[in-house]
Every structure is written in structure tokens, then in C-alpha cells.
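A.B. asks: Just passing along the structure, written as C-alpha cells.
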Amino acid sequence: MPTARLAAAELRLTIDPASLGFTDTSELAPGPLPWIGQERAETAARFGLAMDQPDYNLFVLGEVGSGRSSLLCQAMGAAAAGRPVPPDLCYLYNFDAPERPRALRMPAGQGRELRQSMARLCKTLESEIPQRLAGPEFKSERERIEKAHAAEEARAFAELSAFAEARSFALRRDEGNLVFTLRGEAGQALTEQQAMDLPLPRRAEFDRAEQELRAEISHFLDRTRPLERARVEALEALRRQLVKPLLERELQEIRVGLKKHIKDAVKLGAYLDQVGRDVLGNVELFEAGDPEDETGEDALASVLARYRVNLVVDNDGLAGAPVIVEDNPLFRMLFGSVEYQTDEDVLVTDFSRIRAGSLLKAHGGFLMLHLHDLLGDPLVWEKLRRFLRSGRLQIEEPGTAHAPLAAVLLEPEAVDVEVKIVLIGSVEQYYELQEADPEFARHFRVKVDFAESVPASDATRQAAAAFVAHSCTRMGLPHFSAPAVARLLEDAHRAADDQTRQSATFLRSEALAMESAALCQARAGRVVDLGDVEAALRARQLRHDYPEQRLQEAIAEGERLIALKGAHVGRLNGLTQVDLGDYRFGFPVRVSSRTFAGHEGVLNIEREVEMSGPIHDKGVLILHSYLSALFAHIAPLALTASIVFEQEYEGVEGDSASCAELYALLSALSGVPLSQGLAVTGALNQHGEVLPVGGINEKIEGYFRICEKAGLDGQQGVLIPALNRRHLMLDQDVAEAVAQGLFHIHTMQQVGEGLELLTGLPWGEIDPLSGGYAPHSVLGLAQAALQAYRRACRRAARGRAGRR
757 MPTARLAAAE
767 LRLTIDPASL
777 GFTDTSELAP
787 GPLPWIGQER
797 AETAARFGLA
807 MDQPDYNLFV
817 LGEVGSGRSS
827 LLCQAMGAAA
837 AGRPVPPDLC
847 YLYNFDAPER
857 PRALRMPAGQ
867 GRELRQSMAR
877 LCKTLESEIP
887 QRLAGPEFKS
897 ERERIEKAHA
907 AEEARAFAEL
917 SAFAEARSFA
927 LRRDEGNLVF
937 TLRGEAGQAL
947 TEQQAMDLPL
957 PRRAEFDRAE
967 QELRAEISHF
977 LDRTRPLERA
987 RVEALEALRR
997 QLVKPLLERE
1007 LQEIRVGLKK
1017 HIKDAVKLGA
1027 YLDQVGRDVL
1037 GNVELFEAGD
1047 PEDETGEDAL
1057 ASVLARYRVN
1067 LVVDNDGLAG
1077 APVIVEDNPL
1087 FRMLFGSVEY
1097 QTDEDVLVTD
1107 FSRIRAGSLL
1117 KAHGGFLMLH
1127 LHDLLGDPLV
1137 WEKLRRFLRS
1147 GRLQIEEPGT
1157 AHAPLAAVLL
1167 EPEAVDVEVK
1177 IVLIGSVEQY
1187 YELQEADPEF
1197 ARHFRVKVDF
1207 AESVPASDAT
1217 RQAAAAFVAH
1227 SCTRMGLPHF
1237 SAPAVARLLE
1247 DAHRAADDQT
1257 RQSATFLRSE
1267 ALAMESAALC
1277 QARAGRVVDL
1287 GDVEAALRAR
1297 QLRHDYPEQR
1307 LQEAIAEGER
1317 LIALKGAHVG
1327 RLNGLTQVDL
1337 GDYRFGFPVR
1347 VSSRTFAGHE
1357 GVLNIEREVE
1367 MSGPIHDKGV
1377 LILHSYLSAL
1387 FAHIAPLALT
1397 ASIVFEQEYE
1407 GVEGDSASCA
1417 ELYALLSALS
1427 GVPLSQGLAV
1437 TGALNQHGEV
1447 LPVGGINEKI
1457 EGYFRICEKA
1467 GLDGQQGVLI
1477 PALNRRHLML
1487 DQDVAEAVAQ
1497 GLFHIHTMQQ
1507 VGEGLELLTG
1517 LPWGEIDPLS
1527 GGYAPHSVLG
1537 LAQAALQAYR
1547 RACRRAARGR
1557 AGRR
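Quick note, our numbering runs 756 ahead of the 1-based positions in the sequence shown.
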């Protein structure tokens, strides 16, 4: 079949603005962000978000800008609205083991009530207990107890004094100590020297009496210690008796104020009981003392601090389940932390310094994370793996044990956490995770796969228009006219390189909408029109096309050799694409070939110098296989051929030049010149079929720009695979040049069709009688050259044999 020449109407998709059904996007009803063509992803997301079983977390695959995060946030919000509000989470002082604070879950809002109630309790105790202990009832009863104790002690002391006097000793109290002195016969106190001057028998008598007195003092102390202990206990009992009704009343109000049907009701009751016992056990600290006694005030403050409630998760006022997007998943931000402060070169903390992370805050709801962020911190990754395995979260401060200062460590009680994790990642990351960490991947059983492009339809175009309206409303931009939206849609088809599909990377469309709106606002326009979008596209290209411009200038100035007219043997213009990430463009590169008699076959010079990639090398090997099949009837081939991309210094990758390489090789072999005005792109299989290639629009436009600068003569054009016809979304100026007959685009299905167009000669068919190709065809001429090469090789072989 001959090549086909495409008409201008086939080179791009043009969307009729009238088909959109609106004048401008302000007419479109506001609504949620549309899932444009992502029915599979939407169905999977809704299934996963509604699934309550463990391990049905979501892994969202898609390219950046596909709307994966925004749409999942919207879906999470919708799913969360129908879920119950999860409970609050508090951490309380553990009276049995202070280093292990207790966790308490309460219905939403009751955590705040408990915290406020305990704060009121502390204020009440701090104000009313001193009043009760300073009241007349306490004073009178304390005086009675003190008097009874003093009387008992006085009787015992009188007996001790009489015992001492009977033995010539005087006994007195001095600042709480018992002091005795020896008295003479006249009753006067003896000095130490006077005692030493006494006769020896008298001194011995006094020594025995002193021993007896010391024993009696010890007996006195044994009698009075229980009396003192009884006094202290009686005073403590008196304080507790006066304080207990107040304490029971306040604690009962707290119990009554909180709902009974809470999951941790027993734990809360036990905690309040412990608070009551602890208050009664430290009630003496509440008694008014010396205002300057800071030690007593510090002790009381320390006791009251135990009764505070650390409300780490407060869901009061929340409607539905929480939805949290954690964009900074540091260890503390994700798993919570324990804060420390320095006290005399020691890191100290307590239960009130426990802080919740995103996982605890998302309990009962949804948490969105980005895989790339998690992989950057091995500690976060390992902790998340353990959490997913157990479903329980232990708050800890990593690295505290290795801190330069000694630390008082806390081990907060671990809690069960029920959270649906939505993990955002790329396709590559998803499959790498499946391979590298199957245990982790097992916890993400719902795959939400966002397509890079979607089949275009009236529904997808309406949804895209709704997306533009949504963006205008959200960002406060002027609305878009129907022609402007139609141009945005055409650009979405260009981004997908397909007339039947549109790109699902809506970040590009949103950016173009913002840039177009800025130009509209700059001219004080009310509605963004087609001219604004076209101007934004031109401005974007101008910002990014400097590398393309330099290559075009190098060709125009003769630095890069590209022939646009005439015909040459063994030389042809191939088309290549450069992808800079933020900008793609195409430009021509000369492909040349030389052939000789020999046995080395086809040499890919780029491969020989390690400047080609594996796909390009594969293409050359396929070319070699096809060439061998073409001339199998005269095998083995006596051929040495070289193929090279001239003036290419950055390396070559891809197989889209294999058709051009075959044409250059057959031209060199046959001696038939190739038209230089036609540039070629297309991949080749082993049966001579032409396969589609990528970047077709950039390649065509790049060559068109070169020809346009040199002057279009009506003979120039490109030869592309027929399977690339649906991928054409060329600029309007290319279509106009084709319509005027100044530039041509041809398509081919078989390589022979393209070679006939380039040479003007028939491709060549096998003659059943002769077993070879027709003499005046390209393959016939190549066959003759190969036969001549074989004869030359045989002569050379005979010559070498004769010399031996």
C-alpha cells in the first residue's frame, strides 16, 4: 500500500465551544471536585473507605497532579461525615506507678469536662480545706487532742523527774531534748570538776544512778512515742473526718456529671477513688502554715499536679470522624511525643507532657500520608510497620536513652488505634513496596489506581468544565468562556498526545487556567476568553523553549548539518525528542550509514562507544534481523555496515529511529538517494511493520520550525507511522501550512511504503522465477550490491590462501 497524506483536519482535534452547553463557567452549578474519567479509582476509594475490617487501608497510585490527594481528601470527608464521632483520649497520673501514666478514653466532649471538673476540684480543695482546718470545730477538737496528749506526757515526765530527783539528778527539757545534771547534798548543781573531786565510792554510786536514769529515760521515750504517734494519727483522722464529706461530695459531682456508659467507666471510677485516697493521705499539706514556707507550698502544688487531666485528643465539637492530612510525618508529629525539661542536669517529665500525634488524633477516622515522606526516616518507617502489625500505639521519645543528660523516662499506656490510612505514592513506589516489603504492603489491600489519561467523552468534557468552574470559585478567578474551556480541553488532549483521550493530570490544566486568568485580569477582563488561553500558552512556551531555540539557531547557522532539500545517498533526517521534565520539544538529527564488503554485519556506532541505551540497541538488533530476513535467499551476507546519529553527543535512547536507520542503510547499500525534505520517525518490528512512537507532536513541530525558518517550499514534510494518526494534536500553524500545501504529513504501515516515498522507486518483490528482487527496485539494487560484496570477499579469501 502507498503512504497516505493527511489532510489538515486530521492533524488536531478541534472542540466546538457550542457543544459544551454553556456560555461561561459561571453557569455551571457549584459542586464537589469531579472524578474526571477516574471511575475505577473512585469505586475503589469508596469501597476502601467504607470497609471496616483491618488491613483494608488504601494505597493511592497516580502521577503528581492527577488529583489523587485532593479527590481522596474529598472522599474521606464524605465518608467521615457518616461515621460516629470518636472518643476523647486523656492521660492520667498513675498513683501505683507514676512512670506509667494511664490512658482513658471518654465520649467526645467528656474529656474536656473531666479536665475542667478536676481543675475545679483542685481549686475547691485548695480553698475550702484550709478553711475547714482553720474552723472552730477543728480547733476545739485539736486542742482537746493536744491537751489529752500533753496531760499524758506530763504525767510520764513527772514520774521520770521524780525518779531522777530520787537519784540526785535534776531533769529538764531543752529544745525537745532531755537534759539531766548531778546535784550535791545541798541541792546545787555540780560542775564536771566538782563531780570528779567526789570520793571514789560516791562517784561509783552516782555512775550507777546515772545508768538507771538513762534506762528510765529510754523507757520514758518508749512510752511517749506511741502517745505522739496517737496524737498525730488522731489529728490526721480529725482532718480526714472534716475533709472527707467535702471530698466525697466533689468526687460524686464529677461522677454524676459524666456519662456512665463509657468504655473505661471502671478505670475512671478507680482513678477517682485513688484521687480521694491521695487527697486524704496528704491532707495536712492543705493546712494553712507559714506564708514564707515555700517548701510546703511546693509540696502542695506537686500533689495537686497529680490530679490534672492531660487531654491529648479533644474531639469536642467534631461532626463525624476526623480527617487528617499529615504533610510533615516526623516521628513526633505522627506518633506523638513526651516533652522533657532540664532540672539540675537531668531531663525530667511527667504525664502532663504527653502529646498526641496524627495517628492518635485520627482514631476512628482517616489519615493521609505520602509514601515518599515516610521513606525518608527509617525510625518512622519501622514504627509504622509495628503499629500496622499490632494496631496499638505506644508513645515514646526516640533517642532519649542516648541523650547526653540523664533522663526520667515515661512509658505511657499503649492504646488501641483504629484508623484508615490513605497512603499516596507513585506506580513505581507501589510495586517496589510489594517487592521489598510484602508484610507492609499486606496492610494496604485496597489499590486506588489513578489513570494518566482517560477516554474523552461528553461526560468527561462536562466534568472538566466543572473542574474549571470549581477552580475559579475556589481561587477567586474570573470565569472562563466556552471557547476558552474548549481550548483548555484541547490542551488536555495535547498533554495526552491523543485525539480520543484527555490527560488526567489536572495540575497542568489548573496552572494554565491560573495563568490565563492572570492575563484576563491584567487587561481588566470580566471573563477569560480564547485569546487569554492562547496568550498563556505562548507565554509558557517562551519561558521554557530556550534550549529548543538554541538548537534551531545551531541548525540555521550551519553548526548542525541538516539538509532540507535535494537527495543524498545514505543520509536521512530522523526525528528525536528531548524531555527536560518541564518542557518537551523535538528536533531533527541526521542519520547516516556506510556499507562495505565484509562479515561484521551492522555496527551501531553509538553502541560501540557506549552512547546508546538498551532500547535503541534493541531497535538496531531488530533492524539487523529484518535485514537478514529480507536477503535470506542470498545468505550468508558479506556485509559490514555502520549507522550513526551525526553530531549527537549526549547519547541516544529509544527505538523510534529504527525506520530511519533502515532507510539510510538500504540507501547506502543500493546507492539510491533519499529525499532530504522528508524527515522520518517510526519503530520497526521483525516483519517490517511500522510501530507507533512517542512524542510525535513535538517531533513534527520541531522539524516544521526548522523548515519554516529556512523557508517552506512545498516539498518538505514528515513520514510517521499510520498508528500515530490518533496521537496528532499539532499546533494550529502546522495545520495551516498543511492546508496551504507548504508542508506535508505522510503515514506508513510497512517500511517499504516509506522507502518508495523517499526514493521514488518501488520497494521490490521477490520474482518467483529468479528467486530474487526486481532489478530496478530498491531491494533489487541492494541485492546486487550484496552479491558484489560476496564476490569481493571470496576473491580476498582466495588471495590470502594463495599467499599462504
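We treat Cβ as the ideally placed atom computed from N, Cα and C, and that holds for glycine.
(1) Please classify A1157: does DSSP put it in a helix, a strand, or coil?
(2) Alpha carbon to alpha carbon, how far is P886 from E1043?
(3) Quick check on the DSSP output: what are the complete beta strand (DSSP E) runs of length 3 or more inside the stretch 1183–1222, in order along the chain?
(4) Checking the sheet assignment: what are the DSSP bridge partners for S1431?
(5) Is it the case that the stretch 1074–1082 contacts the stretch 837–852, given that we only count it when at least three CB pairs across the two stretches are under 8 Å?
(6) Please name the residue in W1137, A1353, R1217 whose C-alpha comes closest to that of D1193.
(7) So is T1256 buried or exposed if we call it buried at 16+ other beta carbons inside 10 Å?
(8) Would you say the stretch 1083–1098 touches the stretch 842–854, given that touching needs at least three Cβ pairs under 8 Å?
(9) Buried or exposed: which applies to G1470, given that a residue is buried once 16 or more other Cβ atoms fall within 10 Å of its Cβ?
(10) Let's see if you can read the secondary structure: which residues bound the beta strand (DSSP E) around L1123?
(11) Going by C-alpha to C-alpha distance, which of A918, A1222, N850, Q1297 sits closest to E1169?
(12) For the candidate residues F1499, V1094, G1516, whose alpha-carbon lies nearest to that of A1112?
(13) Are P790 and A1248 touching if we call contact CB-CB under 9 Å?
(14) Let me know the secondary structure DSSP gives F815 once reduced to three states.
(15) T779 to S1209, Cα distance in whole Å?
(16) For H1226, which residues does DSSP report across the bridge?
(17) Report the three-state DSSP secondary structure of S1412 (helix, strand or coil).
(18) How would you write the range of the alpha helix (DSSP H) that S883 sits in, first residue to last?
(19) Out of curiosity, what's the CA-to-CA distance linking L1179 and M1124?
(20) With distance defined between alpha-carbon atoms, name the residue in V1283, T770, A797, G793 nearest to A1219.
(21) Under a three-way DSSP split, which group does F1091 fall into?
(22) Can you list the beta strand (DSSP E) stretches of 3 or more residues lying completely in the stretch 1423–1482, in chain order?
(23) Please state whether DSSP places K1019 in a helix, a strand or coil.
(24) Drop a sphere of 10 angstroms on the beta-carbon of D1254, count the other beta-carbons inside from all chains shown, and report buried for 16 or more, exposed for fewer.
(25) Decide yes or no for the touch test of the stretch 1509–1525 against the stretch 1488–1496: beta carbon pairs closer than 8 Å, at least 3 of them.
(26) Who are the Cβ neighbours of S1227 in its own chain at under 6 Å, not counting the five residues just before and after it?
(27) State the beta-bridge partners of I1080 as determined by DSSP.
(28) Grouping DSSP H, G and I as helix and E and B as strand, with all else coil, what is H1380?
(29) Give the DSSP-derived three-state secondary structure of G787 in the structure shown.
(30) At the level of alpha carbons, what is the spacing between S1381 and Y1302?
(31) Let me check one thing: in DSSP terms, what residues is I1501 bridge-paired to?
(32) Could you please give me the residues that DSSP links to C829 through a beta bridge?
(33) In whole angstroms, what separates the C-alpha of V1012 from that of G1073?
(34) Under the rule that 16 or more other beta-carbon atoms within 10 Å means buried, what is F803, buried or exposed?
(35) Could you please give me the residues that DSSP links to M862 through a beta bridge?
(36) Using CA atoms only, rank isn't needed, just tell me which of G1052, Q1150, D1070 is closest to F1091.
C.D. replies: To lay it out plainly:
(1) Per-residue confidence for A1157 stands at a pLDDT of 48, beneath the threshold of 50, marking its modelled position as unreliable; the derived number appears in the next sentence. Note: A1157 maps to helix in three-state DSSP.
(2) So the alpha carbons of these two residues sit roughly 5 Å apart.
(3) 1202–1205, 1209–1211
(4) A1323
(5) yes
(6) W1137
(7) exposed
(8) Taking one beta carbon from each stretch, the stretch 1083–1098 and the stretch 842–854 have fewer than 3 pairs nearer than 8 Å; the two do not touch.
(9) exposed
(10) 1122–1126
(11) N850
(12) Looking at the Cα atoms, V1094 is the closest of the given residues.
(13) no
(14) strand
(15) 27 Å
(16) In DSSP, H1226 forms no bridge with anything.
(17) S1412: coil per DSSP, three-state reduction.
(18) 866–889
(19) Taking the straight line from one Cα to the other gives about 6 Å.
(20) G793
(21) helix
(22) Within the stretch 1423–1482, the complete beta strand (DSSP E) runs of at least 3 residues are 1434–1436, 1473–1477.
(23) It is coil, neither helix nor strand.
(24) buried
(25) No: fewer than three Cβ pairs fall under 8 Å.
(26) E1266, A1269
(27) Within the DSSP secondary-structure output, I1080 pairs in a beta bridge with L1123.
(28) helix
(29) coil
(30) Going from the Cα of S1381 to the Cα of Y1302 covers about 40 Å.
(31) V1474, per the DSSP bridge assignment.
(32) Looking at the DSSP assignment, C829 forms no beta bridge with any residue, so it has no partner.
(33) 22 Å
(34) exposed
(35) D844
(36) Q1150
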